[in-house]
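Asker:
In the numbering used here, the protein residues as written are 1 to 296.
1. Looking at C-alpha atoms only, which residue of 287, 294, 288 and 278 is the closest neighbour of residue 128?
2. Does DSSP put residue 95 in a helix, a strand or coil?
3. Determine the extent of the alpha helix (DSSP H) in which residue 240 is found, giving its start and end residues.
4. Contact between the region 232-245 and the region 200-216: three or more CB pairs below 8 Å?
5. For the region 30-61, list the alpha helix (DSSP H) runs that are entirely contained and at least 4 residues long, ordered along the chain.
6. Near residue 294, what residues of its chain come up, given a Cβ to Cβ distance below 6 Å and the 5 sequence neighbours on each side ignored?
7. By the 10 Å Cβ neighbour count, where 16 or more other Cβ atoms means buried, how is residue 104 classified, buried or exposed?
8. What's the C-alpha gap between residue 55 and residue 145?
9. Classify residue 202: buried if its beta carbon has 16 or more other beta carbons within 10 angstroms, exposed otherwise.
10. If we ignore side chains and look at the alpha-carbon of each, how far apart do residue 13 and residue 71 end up?
11. In terms of DSSP beta bridges, what is residue 69 paired with?
12. Residue range of the alpha helix (DSSP H) that residue 147 falls in?
13. So, using beta-carbon positions, are residue 260 and residue 112 closer together than 8 Å?
14. By how many angstroms is the C-alpha of residue 78 removed from the C-alpha of residue 285?
15. So what does DSSP say about residue 155, is it helix, strand or coil?
16. Return the first residue and the last residue of the beta strand (DSSP E) that residue 165 is part of.
17. Applying the 10 Å Cβ sphere with the 16-neighbour rule, what's the burial state of residue 282?
18. Roughly how many whole angstroms lie between the Cα atoms of residue 9 and residue 23?
19. What are the partner residues of residue 127, as DSSP defines its beta bridges?
20. Helix, strand or coil: which one does DSSP assign to residue 11?
21. Starting from residue 210 and walking both ways along the beta strand (DSSP E), at which residues does that stretch end?
22. Should residue 206 go down as buried or exposed, given a rule of 16 or more other Cβ atoms within 10 Å for buried?
23. Take every Cβ of the region 146-166, pair it with every Cβ of the region 216-230, and state whether three or more of those distances are shorter than 8 Å.
24. My output table needs one value for residue 120: the three-state DSSP class, helix, strand or coil.
25. When the distance is taken between beta carbons, is residue 32 closer than 8 Å to residue 64?
26. So, residue 275 versus residue 101, is the Cβ gap smaller than 8 Å?
27. Beta-carbon separation of residue 147 and residue 233 under 8 Å?
28. Quick check on the burial criterion: 16 or more other C-beta atoms within 10 angstroms. Buried or exposed for residue 52?
29. Grouping DSSP H, G and I as helix and E and B as strand, with all else coil, what is residue 74?
30. For residue 122 and residue 28, what's the separation of their Cα atoms in angstroms?
31. Whole angstroms is fine: what's the gap from residue 98's alpha carbon to residue 75's?
Next comes the structure, spelled out in structure tokens:
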């Protein structure tokens, strides 16, 4: 497995134990209490583990408060609100992921996607705290977008490198969307139709590796291509991203704290817990414009 450090993903740490989840991405981090003060050396090791594994999670974080949640998330970037998600009263930057046991609406995010790429500065990281989750069911799957890009043929990569995609939230809260079918704030339809343009292939500001940046939830079309041509490329790429060799799946337990890189990782919420209550809280960072390949 290639990493930006050249080391295997679990080697070279002195302050934490890194247990890789799969060959593609993800790691359990042991030996850390996120409710205690964090020195610079420990923070550096955690950030290295995050860069190398893209998704890291800390089990059994007893006493992990919303203040702890905000403090930890801000180590990875500037706080950013997601407009269509409800927040906790008194905590505008702590947002709610909740599903009641009798909720029959469709689960948000069932297909692989990046969060909120309809924004000019999409989220960079998402930190989740499992507060009350089912004993089983409700896992989250993740897909490595570095590997999805790197395993394409050289001619295909060359073709995609300079493409740009049009993103919007039209499918979630645009003119033809049924906002009542999912749990979300009532949003302005015109905002849902607003379009932004991002590169299809981006360069990560930390690892400097290229990754695919698109998803069928928010990516409407490839700039300059016909609707049919865009659909052909995007559907092929989305199927490619879902290759099991690029993925990992995390089982939530109460007290788990998890952070994923929303730039180079897609995720899928698995809705196999009908009749059970599920409640998590999330804090998002962002403020960066996705960077494409520089000419020359």
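Cβ atoms here follow ideal geometry from the backbone N, Cα and C, with glycine treated the same way. Because the structure is a prediction, the values reported are computed rather than measured.
Answerer: According to the structure data:
1. Against the chain shown, residue 128 aligns to sequence position 128. Selected option, being the one with the closest Cα: 278.
2. Within the chain shown, the letter at position 95 stands for residue 95. Residue state, collapsed to three classes: strand.
3. Translated into positions along the chain shown, residue 240 becomes position 240. It spans 227-241 - the alpha helix (DSSP H) in which residue 240 sits, taken as one unbroken run.
4. Under the three-pair Cβ rule at 8 Å, the region 232-245 counts as touching the region 200-216.
5. 40-53
6. Numbered from 1 along the chain shown, position 294 holds the residue referred to as residue 294. Cβ within range, chain order: n/a, list empty.
7. As a first step, residue 104 must be located in the chain shown, where it is residue number 104. Residue 104 is exposed by the Cβ-count criterion.
8. Residue mapping note: residue 55 aligns to position 55 of the chain shown, counting from 1. Residue mapping note: residue 145 aligns to position 145 of the chain shown, counting from 1. Cα to Cα, the separation comes out at about 12 Å.
9. Position 202 of the chain shown holds residue 202. Residue 202 is buried by the Cβ-count criterion.
10. Start at 1 with the first residue of the chain shown, and residue 13 comes out as number 13. Start at 1 with the first residue of the chain shown, and residue 71 comes out as number 71. Going by the C-alpha atoms only, they are around 23 Å apart.
11. Here residue 69 corresponds to residue number 69 of the chain shown, with the count starting at 1. The bridge partners DSSP lists for residue 69 come to none.
12. What you label residue 147 is simply residue 147 of the chain shown in a count that begins at 1. Taken as a continuous stretch (DSSP letters only), the alpha helix (DSSP H) holding residue 147 covers 145-150.
13. Your numbering for residue 260 matches position 260 in the chain shown. Your numbering for residue 112 matches position 112 in the chain shown. No, they are not a contact pair.
14. Mapped onto the chain shown, residue 285 falls at position 285. Mapped onto the chain shown, residue 78 falls at position 78. Approximately 5 Å between the Cα atoms of the pair.
15. What you label residue 155 is simply residue 155 of the chain shown in a count that begins at 1. DSSP places residue 155 in helix when its eight states are reduced to three.
16. Walking along the chain shown from the start, residue 165 turns up at place 165. Annotation: the continuous beta strand (DSSP E) that includes residue 165 extends over 164-167.
17. The sequence position of residue 282 within the chain shown is 282, counting from 1. Flag for residue 282 reads buried.
18. Locating residue 9 in the chain shown gives position 9, counting from the first residue. Locating residue 23 in the chain shown gives position 23, counting from the first residue. Each residue's alpha carbon lies about 9 Å from the other.
19. Reading the chain shown from its first residue, position 127 is the one you call residue 127. In the DSSP output, where bridge partners are listed per residue, residue 127 has 259 and 283.
20. The count along the chain shown starts at 1 and reaches residue 11 at position 11. Three-state result, residue 11: coil.
21. The sequence position of residue 210 within the chain shown is 210, counting from 1. Start and end: 210-212.
22. Here the question's residue 206 lines up with position 206 in the chain shown. So residue 206 counts as exposed.
23. Contact between the region 146-166 and the region 216-230 is established, with three or more Cβ pairs separated by less than 8 Å.
24. Start at 1 with the first residue of the chain shown, and residue 120 comes out as number 120. Three-state DSSP puts residue 120 in coil, outside helix and strand.
25. The residue given as residue 64 occupies position 64 in the chain shown. The residue given as residue 32 occupies position 32 in the chain shown. Not closer than 8 Å, so no.
26. Counted from its first residue, the chain shown places residue 275 at position 275. Counted from its first residue, the chain shown places residue 101 at position 101. Contact flag set, yes.
27. Position 147 of the chain shown, counted from the start, is the residue given in the question as residue 147. Position 233 of the chain shown, counted from the start, is the residue given in the question as residue 233. Going by C-beta atoms, residue 147 is not nearer than 8 Å to residue 233.
28. Along the chain shown, one-based indexing puts residue 52 at 52. It is buried - the Cβ of residue 52 has at least 16 other Cβ atoms within 10 Å.
29. Start at 1 with the first residue of the chain shown, and residue 74 comes out as number 74. The answer is helix: DSSP assigns residue 74 an H, G or I state.
30. For this step, residue 122 is matched to residue 122 along the chain shown. For this step, residue 28 is matched to residue 28 along the chain shown. Roughly 26 Å separates the two Cα atoms.
31. Taking the first residue of the chain shown as 1, we reach residue 98 at position 98. Taking the first residue of the chain shown as 1, we reach residue 75 at position 75. Cα to Cα, residue 98 sits roughly 25 Å from residue 75.
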